Amino acid sequence: MRWSKYLIPTAKEVPKDAVVASHVLMIRGGLIRQLAAGIYSYLPLGYRALRKVERIVREEMNRAGAVELHLPVLHPIELWQETGRTAAMGDVLLKLRPIKNDDAGDWRYHTVLGPTHEEPVTEIARAYLNSYKQLPINLYQIQVKFRGEARPKSGVLRTREFLMKDAYSFHDSLESLNEGYQAMYDAYCRIFGRCGLPYFACEAESGPIGGDASHEFMVQTDAGEDVAAATENGDYAANTERATCAPVPQDNSEMLPLEEVHTPAMRTIDEVTAFLNKRPEQMIKTLIYVGYRSDAQEVLENARKQLREAAAANPNVVAKGLPQMSFNFVVLVRGDHEVNEHKLNRIASSVTPQAPGLKLELADEATIEKLTGAKVGFAGPHTLSKSGVPFRLIVDQAVSVMRNAATGANKTDYHAINVNPVRDFPLETRAGSPCHVTIADIRNVVDGDLSPSGSGSPIRLKKCIEVGHVFKLGTKYSDSLKAHYLDKNGKSHALIMGCYGIGLNRIMASAIEAHHDEAGIIWPMSIAPFEVLIVALDPRVDEVMATADKLYNDLHAASVDVLLDDRDERAGFKFKDADLIGIPLRITVGKKALAEGVVELKRRDSQDVEKLPPDKAGERVRMIVSEEVSRLSR
Ligand code: ATP
Ligand code: MG
Numbered sequence: 019m020r021w022s023k024y025l026i027p028t029a030k031e032v033p034k035d036a037v038v039a040s041h042v043l044m045i046r047g048g049l050i051r052q053l054a055a056g057i058y059s060y061l062p063l064g065y066r067a068l069r070k071v072e073r074i075v076r077e078e079m080n081r082a083g084a085v086e087l088h089l090p091v092l093h094p095i096e097l098w099q100e101t102g103r104t105a106a107m108g109d110v111l112l113k114l115r116p117i118k119n120d121d122a123g124d125w126r127y128h129t130v131l132g133p134t135h136e137e138p139v140t141e142i143a144r145a146y147l148n149s150y151k152q153l154p155i156n157l158y159q160i161q162v163k164f165r166g167e168a169r170p171k172s173g174v175l176r177t178r179e180f181l182m183k184d185a186y187s188f189h190d191s192l193e194s195l196n197e198g199y200q201a202m203y204d205a206y207c208r209i210f211g212r213c214g215l216p217y218f219a220c221e222a223e224s225g226p227i228g229g230d231a232s233h234e235f236m237v238q239t240d241a242g243e244d245v246a247a248a249t250e251n252g253d254y255a256a257n258t259e260r261a262t263c264a265p266v267p268q269d270n271s272e273m274l275p276l277e278e279v280h281t282p283a284m285r286t287i288d289e290v291t292a293f294l295n296k297r298p299e300q301m302i303k304t305l306i307y308v309g310y311r312s313d314a315q316e317v318l319e320n321a322r323k324q325l326r327e328a329a330a331a332n333p334n335v336v337a338k339g340l341p342q343m344s345f346n347f348v349v350l351v352r353g354d355h356e357v358n359e360h361k362l363n364r365i366a367s368s369v370t371p372q373a374p375g376l377k378l379e380l381a382d383e384a385t386i387e388k389l390t391g392a393k394v395g396f397a398g399p400h401t402l403s404k405s406g407v408p409f410r411l412i413v414d415q416a417v418s419v420m421r422n423a424a425t426g427a428n429k430t431d432y433h434a435i436n437v438n439p440v441r442d443f444p445l446e447t448r449a450g451s452p453c454h455v456t457i458a459d460i461r462n463v464v465d466g467d468l469s470p471s472g473s474g475s476p477i478r479l480k481k482c483i484e485v486g487h488v489f490k491l492g493t494k495y496s497d498s499l500k501a502h503y504l505d506k507n508g509k510s511h512a513l514i515m516g517c518y519g520i521g522l523n524r525i526m527a528s529a530i531e532a533h534h535d536e537a538g539i540i541w542p543m544s545i546a547p548f549e550v551l552i553v554a555l556d557p558r559v560d561e562v563m564a565t566a567d568k569l570y571n572d573l574h575a576a577s578v579d580v581l582l583d584d585r586d587e588r589a590g591f592k593f594k595d596a597d598l599i600g601i602p603l604r605i606t607v608g609k610k611a612l613a614e615g616v617v618e619l620k621r622r623d624s625q626d627v628e629k630l631p632p633d634k635a636g637e638r639v640r641m642i643v644s645e646e647v648s649r650l651s652r
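The numbering of the sequence shown is the numbering used here, which starts it at 19 and goes up by one.
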């Protein structure tokens, strides 16, 4: 490709909202252009890199035995209603608009744009995967996804339209699912390795099967929106949504007498710690939540129906009590810790088996005042039971080992100091008490917490971007869509499924996040739009152009991806553009060097310049390219 006949609109200026490196450099390097918020065109250079990522992904999926197909972007909404995901997806699921508003007769009324493809692929499985003999099988595609992301940002890292490789595996046993999952996990490692990404895998929020049923593949970058907790010695990594740590050891200081202190209008941890001269880790935060049954509406409707029927049969019927709809929770975490809503919801559900799918929300003022007998901001665990209002007390492990803590006194404008677990509030449920107690890990890990493996290695928090996600789904979709197979004995079962996603655009942008400098992109060889750039410094000099052309033709013939900068521009300008677009190898052909019988070979990631005769340059480039590609494949 000759630069003068190509389209590489490099630019000095970038839009104000471009702050992260990949966004800035992809715009400046002429790789992408924004068409609307979260919607990008890929210009020739950007598209070449994306296609290279795609090729690696496809090769590794095929190598892992997955089978490629292609599913439509337009889906009938009924399929999504069958799995209940129209509600779960909310505004992320984009719907077509009928020509006349609310015209249910218009096909558009019933059509959505696929944000992911579990539904249509399970529809195929339902039709064709009917026997254990066909299992296991992994079906994948590389297809555009549409998501109504509320806040698209950071260039192509979070967009409303993007390219995903999504794979779905089907199995007849959990062992087979585990094998299929591991095969995808290994394929992902090879894909990210070959793309030159400094990635790591971490445990992610697990799905319906539980256990370590899900892993995310992360690239560390400040541009990321996820935070992973990873130990220094590498023995543990998890998304902070899920991460745990070693228990905090018991503080054995002497217990001091509990005192109440007047703290007028001081409600926040900052105000109280400053006033009491304490550190946040010496405080207990007391948070009050209400948990609601997720099926409350259904329960109420059923109860109403039963009541109507009973009243019709016997007008003097006395209504029986409804099941309890909401539950109070008092939650204790250390002043320097934050509640982890995922963990809290899980624990709250497990201690409230009578209320399926419990969801917790912070309590309103009235509930707090009723429970504590004080204005908001003065709640504490001791004396709480006095109100007689039943509640579940969930104590974070780090609070259970504290000594002489400060917290609210359940009295407006007062805090208590020297509050001690067991002595001043229970760590076990006591007979006759309105308070049911659980000690659990319900907080986010913090930097410096120790590995849950017991190795003592400290945890560090890292901002990162999720480039891939592997997931054991179980029978969630095959149950709701009735995708069943017959086993050896002719018995019918729901297919057991896994799903595996990779964001191709994110791989490309993360590679730039990981590999760039002040001057521009430094592409890994494997996904660089071109492997080598020949810069003809004086294109009007015949000898220069003849040498550059010969090199270009030789490399092209040897299947090296080569770009020739034949523009009649100043050397400095061309070098700046070369650094910006980041092609890994650069051969400079200039009058002066040619007079010495050489051209200059330079790697984008090094300052060293190698001088060599023009007829040796092609061979040398081929060697470096193949060494680099095989290094990344290892
Ligand atoms: P996130 O938490 O970042 O929103 P997700 O968990 O919703 O992502 P998945 O449904 O697991 O994403 O999709 C699989 C992969 O698709 C992700 O690992 C990511 O690489 C990519 N991806 C997801 N959403 C986007 C997006 N809005 N823009 C670009 N790539 C995306
Ligand atoms: Mg994900």
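We put the CB at the ideal spot given by N, CA and C, even for glycine.
Since the model is a prediction, treat every value here as computed from it, not as a measurement.
Notebook entry, point to check: When you compare only the Cα positions, how much space is there between residue 415 and residue 266?
Noted result: Residue 415 sits at position 397 when you count from the first residue of the sequence shown. Residue 266 sits at position 248 when you count from the first residue of the sequence shown. Approximately 7 Å, taken between the alpha carbons.
Next item on the list: Spatial neighbours of residue 94 within its chain, please: CB distance less than 6 Å, with the 5 preceding and 5 following residues excluded, ordered by chain position.
Entry: Taking the first residue of the sequence shown as position 1, residue 94 is located at position 76. Result list for residue 94: 128, in chain order.
Margin query: Looking only at its chain, what residues have a beta carbon closer than 8 Å to the beta carbon of residue 356, apart from the 5 residues adjacent to it on each side?
Written below: Mapped onto the sequence shown, residue 356 falls at position 338. For residue 356, where only same-chain residues beyond five positions count, the Cβ hits under 8 Å are 461 and 462.
Check: Mind checking whether the beta-carbon of residue 485 lies closer than 7 Å to any heavy atom of the ligand SAM?
Finding: Absence of the ligand SAM is noted for the structure shown, with the ligand ATP and the ligand MG being the only ligands found.
Note to self: Given a cut-off of 8 Å on the beta-carbon distance, is the pair residue 431 and residue 239 in contact?
What the structure shows: The count along the sequence shown starts at 1 and reaches residue 431 at position 413. The count along the sequence shown starts at 1 and reaches residue 239 at position 221. Contact: no.
Check: Hey, is the stretch 269-279 in contact with the stretch 297-306, meaning 3+ C-beta pairs nearer than 8 Å?
Finding: Here the stretch 269-279 does not lie against the stretch 297-306, with fewer than 3 beta-carbon pairs under 8 Å apart.
Checklist line | In chain order, each alpha helix (DSSP H) run of at least 4 residues that lies wholly inside the stretch 382-427 | finding: Whole alpha helix (DSSP H) segments, 4+ residues: 383-390 and 415-418.
Margin query: At a cut-off of 7 Å, would you count residue 638 as near the ligand ATP, judging by its Cβ distance to the nearest heavy atom?
Written below: As a working note, residue 638 is residue 620 in the sequence shown. Flag unset: Cβ of residue 638 not near the ligand ATP.
Margin query: Give me the residue from 631, 600, 593 and 597 with the minimum Cα distance to residue 611.
Written below: Along the sequence shown, read from residue 1 onward, the residue named residue 611 stands at position 593. The shortest Cα separation from residue 611 among 631, 600, 593 and 597 belongs to 631.
Next item on the list: Round the Cβ separation of residue 600 and residue 622 to the nearest angstrom and send it over; I've been treating them as touching at under 8 Å.
Entry: Here residue 600 refers to the residue found at position 582 when the sequence shown is read from its first residue. Here residue 622 refers to the residue found at position 604 when the sequence shown is read from its first residue. The pair is a contact, with the Cβ atoms about 6 Å apart (cut-off 8 Å).
Note to self: Spatial neighbours of residue 27 within its chain, please: C-beta separation below 6 Å, excluding the five flanking residues on both sides.
What the structure shows: Along the sequence shown, one-based indexing puts residue 27 at 9. Answer for residue 27: 48, listed in chain order.
Margin query: So within the stretch 22-103, which uninterrupted beta strand (DSSP E) runs reach at least 3 residues, ignoring any that extend past its ends?
Written below: Runs found: 50-54, 57-60 and 92-94.
Next item on the list: Kindly list the residues whose CB is nearer than 6 Å to the CB of residue 259, restricted to its own chain and excluding five residues on each side of it in sequence; keep chain order.
Entry: Taking the sequence shown and counting its residues from 1, the one referred to as residue 259 is at position 241. Counting only Cβ-Cβ distances below 6 Å, and skipping sequence neighbours, we find 223 and 360.
Check: Is the number of C-beta pairs between the stretch 490-500 and the stretch 93-111 that are closer than 8 Å three or more?
Finding: Because the criterion of three Cβ pairs below 8 Å is met, the stretch 490-500 and the stretch 93-111 touch.
Next item on the list: Determine the direct distance from the alpha carbon of residue 53 to that of residue 470, and round the result to whole angstroms.
Entry: Residue mapping note: residue 470 aligns to position 452 of the sequence shown, counting from 1. Residue mapping note: residue 53 aligns to position 35 of the sequence shown, counting from 1. Taking the straight line joining both Cα atoms gives about 46 Å.
Next item on the list: Closer than 8 Å by C-beta to residue 568: which residues in its own chain qualify, once you throw out the five before and the five after it? Chain order, please.
Entry: Counted from its first residue, the sequence shown places residue 568 at position 550. So the qualifying residues of the chain are 632.
Checklist line | Rounded straight-line distance, which links the Cα of residue 564 to that of residue 245 | finding: Counting from one through the sequence shown, the residue named residue 245 turns up at place 227. Counting from one through the sequence shown, the residue named residue 564 turns up at place 546. Distance between the alpha carbons of residue 245 and residue 564 is about 53 Å.
Notebook entry, point to check: Ordered along the chain, which non-local residues of its own chain (more than five positions away) have a Cβ less than 8 Å from that of residue 108?
Noted result: Translated into the one-based positions of the sequence shown, residue 108 becomes position 90. There are no such residues.
Next item on the list: Could you have a look at residue 150 and say whether DSSP puts it in helix, strand or coil?
Entry: As a working note, residue 150 is residue 132 in the sequence shown. DSSP places residue 150 in helix when its eight states are reduced to three.
Margin query: Taking the beta carbon of residue 200 as the centre, do at least 16 other beta carbons fall within 10 Å, making it buried, or is it exposed?
Written below: Position 182 of the sequence shown, counted from the start, is the residue given in the question as residue 200. By the 10 Å Cβ count, residue 200 comes out exposed.
Note to self: Please state whether the Cβ-Cβ distance between residue 539 and residue 175 is less than 8 Å.
What the structure shows: Here residue 539 refers to the residue found at position 521 when the sequence shown is read from its first residue. Here residue 175 refers to the residue found at position 157 when the sequence shown is read from its first residue. Not in contact: residue 539 and residue 175 (Cβ atoms no closer than 8 Å).
Notebook entry, point to check: If you scan the stretch 566-635 from start to end, which runs of the alpha helix (DSSP H) of 4 or more residues do you find wholly inside it?
Noted result: DSSP runs (the alpha helix (DSSP H)) wholly in the stretch 566-635: 589-599 and 609-613.
Notebook entry, point to check: On the three-state DSSP scale, how would you describe residue 523?
Noted result: Position 505 of the sequence shown, counted from the first residue, corresponds to residue 523. Note: residue 523 maps to helix in three-state DSSP.
Checklist line | Continuous beta strand (DSSP E) stretch holding residue 220: start and end | finding: Taking the first residue of the sequence shown as position 1, residue 220 is located at position 202. For residue 220, the enclosing beta strand (DSSP E) begins and ends at 217-221.
Checklist line | Residue burial classification, residue 372 (beta-carbon count within 10 angstroms, cutoff 16) | finding: The residue labelled residue 372 in the question sits at position 354 within the sequence shown. Only exposed fits residue 372, as fewer than 16 other CB atoms lie within 10 angstroms of its CB.
Item checked: Start-end ranges of the alpha helix (DSSP H) lying completely within the stretch 101-185, minimum 4 residues -> The qualifying runs are 103-107 and 136-146.
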